[in-house]
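**Q** Here you go, one structure.
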Amino acid sequence: MTEIQRRGLLIILSSPSGAGKSTLAKRLMAWDPSLKFSVSATTRKPRPGETDGVEYFFRTKDDFEAMVTAGEMLEHAEVFGNYYGTPKGPVEVAMREGRDTLFDIDWQGGQQIRRSSLGKDVVSIFILPPSIADLEQRLRGRAQDSEEVIAGRMAKSRDEISHWAEYDYVIINRDIDAAEAELKTILEAERARADRQPGLNDFVRGLNKEFEAR
Ligand code: ADP
Ligand code: 5GP
């Protein structure tokens, strides 16, 4: 198959906590291993099963602030009383290589990246839960947070949901398989856009040469 040179996409997934974006991000990565997951830095403590450098870079507040001061963050925000931020370096490398990067970040981070010089390469997708009752059930079902943390996340979810219209696409995550299929469709369509494939000029030039040689 002919590989057409393509610009890397910045795929931003946001949702209220518990709506299913980490689950969808993992499924998308399994479907396309060439996708690069942007590992954020955070000052929150690791949950059981989380490993430093895999889900997050777990950092102290001082270390996090030093990264911000050194200009190493593409965006950062305070979420649920902790700091979260996207390290710039890996994103720049992926963009240079024409690889797509997946971000699991909140609306504040989404807004900062969309408004940055990288904004034209952003595809942003908001995940909604089918109901607030489902959202709460999923947060509890995950069984990784204390009652106090769950209550805090539920209280914030209304605010997060209020930003849905800032996104290019919205998926209601009723059935996880259906939501995954929608996400893949969006990605395939965005990758096929003419303006995202600078390599098409050369490709069509090759087709024309073929015409001329007939
Ligand atoms: P987020 O990353 O948005 O906080 P998660 O991906 O951790 O959310 O999902 C929260 C919980 O909900 C997990 O236990 C996950 O397995 C479950 N979940 C995700 N999508 C669905 C769905 N469509 N139906 C039922 N449970 C779901
Ligand atoms: P959690 O603690 O559940 O892993 O994440 C809490 C929230 O922080 C989620 O909404 C998640 O998308 C968001 N988040 C994770 N990493 C980043 C980041 O680097 N920047 C921003 N702005 N938000 C992030």
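Residues 3 to 216 (this note's numbering) make up the sequence shown, in order.
No residue lacks a Cβ here, since even glycine has one placed at the ideal position from N, Cα and C.
Note that the coordinates shown come from a computational prediction; the quantities given were computed from them, not determined experimentally.
Please classify residue 27 as buried or exposed, where buried requires at least 16 other C-beta atoms within 10 Å of its C-beta.
**A** On the sequence shown, position 25 is the one that residue 27 refers to. It is buried - the Cβ of residue 27 has at least 16 other Cβ atoms within 10 Å.
**Q** How big is the Cα-Cα spacing for residue 7 and residue 208?
**A** Residue 7 sits at position 5 when you count from the first residue of the sequence shown. Residue 208 sits at position 206 when you count from the first residue of the sequence shown. Going by the C-alpha atoms only, they are around 14 Å apart.
**Q** Using the three-state DSSP reduction, which class does residue 48 fall into: helix, strand or coil?
**A** Numbered from 1 along the sequence shown, position 46 holds the residue referred to as residue 48. DSSP places residue 48 in coil when its eight states are reduced to three.
**Q** Can you tell me whether residue 213 is helix, strand or coil according to DSSP?
**A** Start at 1 with the first residue of the sequence shown, and residue 213 comes out as number 211. Note: residue 213 maps to helix in three-state DSSP.
**Q** Would you mind sorting residue 5 into buried or exposed? The rule is 16 or more other CB atoms within 10 Å of its CB.
**A** Here residue 5 refers to the residue found at position 3 when the sequence shown is read from its first residue. The residue is exposed, with fewer than 16 neighbouring Cβ atoms inside 10 Å.
**Q** Per DSSP, which one or two residues make a beta bridge with residue 14?
**A** In the sequence shown, counting from the first residue as 1, residue 14 sits at position 12. In DSSP, residue 14 forms a bridge with 105, 126.
**Q** Classify residue 175: buried if its beta carbon has 16 or more other beta carbons within 10 angstroms, exposed otherwise.
**A** The residue you call residue 175 lines up with position 173 of the sequence shown. Under this definition residue 175 is a buried residue.
**Q** For a quick check, are the C-beta atoms of residue 20 and residue 137 less than 8 Å apart?
**A** Numbered from 1 along the sequence shown, position 18 holds the residue referred to as residue 20. Numbered from 1 along the sequence shown, position 135 holds the residue referred to as residue 137. In contact: residue 20 and residue 137 (Cβ atoms closer than 8 Å).
**Q** Please state if the CB of residue 115 and the CB of residue 12 are separated by a distance shorter than 8 Å.
**A** The residue given as residue 12 occupies position 10 in the sequence shown. The residue given as residue 115 occupies position 113 in the sequence shown. Closer than 8 Å, so yes.
**Q** Taking 7 Å as the line, does the beta carbon of residue 43 fall inside it for any heavy atom of the ligand ADP?
**A** For this step, residue 43 is matched to residue 41 along the sequence shown. No, the beta carbon of residue 43 sits no closer than 7 Å to any heavy atom of the ligand ADP.
**Q** So, for residue 101: in the same chain, excluding its five sequence neighbours on each side, which residues have a beta-carbon less than 7 Å away from its beta-carbon?
**A** Locating residue 101 in the sequence shown gives position 99, counting from the first residue. The residues are 10, 36, 38.
**Q** Quick check on the DSSP output: the beta strand (DSSP E) that includes residue 25 runs from which residue to which?
**A** The count along the sequence shown starts at 1 and reaches residue 25 at position 23. Where residue 25 is concerned, there is no enclosing beta strand (DSSP E), although the alpha helix (DSSP H) it sits in stretches over 23–33.
**Q** How many angstroms separate the CA atom of residue 2 from the CA atom of residue 63?
**A** Residue 2 lies beyond the stretch modelled for the chain, which goes from 3 to 216, so this question has no answer here.
**Q** When every heavy atom of the ligand 5GP is checked, does at least one fall within less than 7 Å of the C-beta of residue 77?
**A** Position 75 of the sequence shown, counted from the first residue, corresponds to residue 77. Yes, the ligand 5GP has a heavy atom inside 7 Å of this Cβ.
**Q** What does a CB cutoff of less than 6 Å around residue 48 pick up in its chain, not counting 5 residues either side in sequence?
**A** Taking the sequence shown and counting its residues from 1, one reaches residue 48 at position 46. Result list for residue 48: 60, in chain order.
**Q** Under 8 Å, with one C-beta from each stretch per pair, do the region 89–99 and the region 73–80 reach the 3-pair mark?
**A** Result yes; three or more Cβ-Cβ pairs closer than 8 Å.
**Q** Return the Cβ separation of residue 112 and residue 16 in integer angstroms, given the expectation that the two are a contact with Cβ distance under 8 Å.
**A** The residue you call residue 112 lines up with position 110 of the sequence shown. The residue you call residue 16 lines up with position 14 of the sequence shown. Right, the Cβ-Cβ distance comes to about 5 Å (below 8 Å), so this counts as a contact.
**Q** Quick check on this structure: which residue in 135, 149, 129, 157 has the alpha carbon closest to the alpha carbon of residue 170?
**A** The residue you call residue 170 lines up with position 168 of the sequence shown. The option with the nearest alpha carbon to residue 170 is 129.
**Q** Measure the alpha-carbon distance for residue 178 versus residue 84 and round it to whole angstroms.
**A** Along the sequence shown, read from residue 1 onward, the residue named residue 178 stands at position 176. Along the sequence shown, read from residue 1 onward, the residue named residue 84 stands at position 82. One C-alpha to the other measures close to 28 Å.
**Q** Verify whether the separation of the beta carbon atoms of residue 173 and residue 181 is less than 8 Å.
**A** As a position in the sequence shown, residue 173 is number 171, starting the count at 1. As a position in the sequence shown, residue 181 is number 179, starting the count at 1. Taking 8 Å as the Cβ cut-off, residue 173 and residue 181 qualify as a contacting pair.
**Q** Between residue 164 and residue 214, what straight-line distance do the alpha-carbon atoms span, to the nearest angstrom?
**A** Taking the first residue of the sequence shown as 1, we reach residue 164 at position 162. Taking the first residue of the sequence shown as 1, we reach residue 214 at position 212. Taking the straight line joining both Cα atoms gives about 56 Å.
**Q** Looking at residue 131: is its Cβ nearer than 8 Å to the Cβ of residue 142?
**A** Numbered from 1 along the sequence shown, position 129 holds the residue referred to as residue 131. Numbered from 1 along the sequence shown, position 140 holds the residue referred to as residue 142. Taking 8 Å as the Cβ cut-off, residue 131 and residue 142 do not qualify as a contacting pair.
**Q** Assign residue 40 to buried or exposed, taking buried as 16 or more other Cβ atoms, counted over all protein chains shown, within 10 Å of its Cβ.
**A** The sequence position of residue 40 within the sequence shown is 38, counting from 1. So residue 40 counts as buried.
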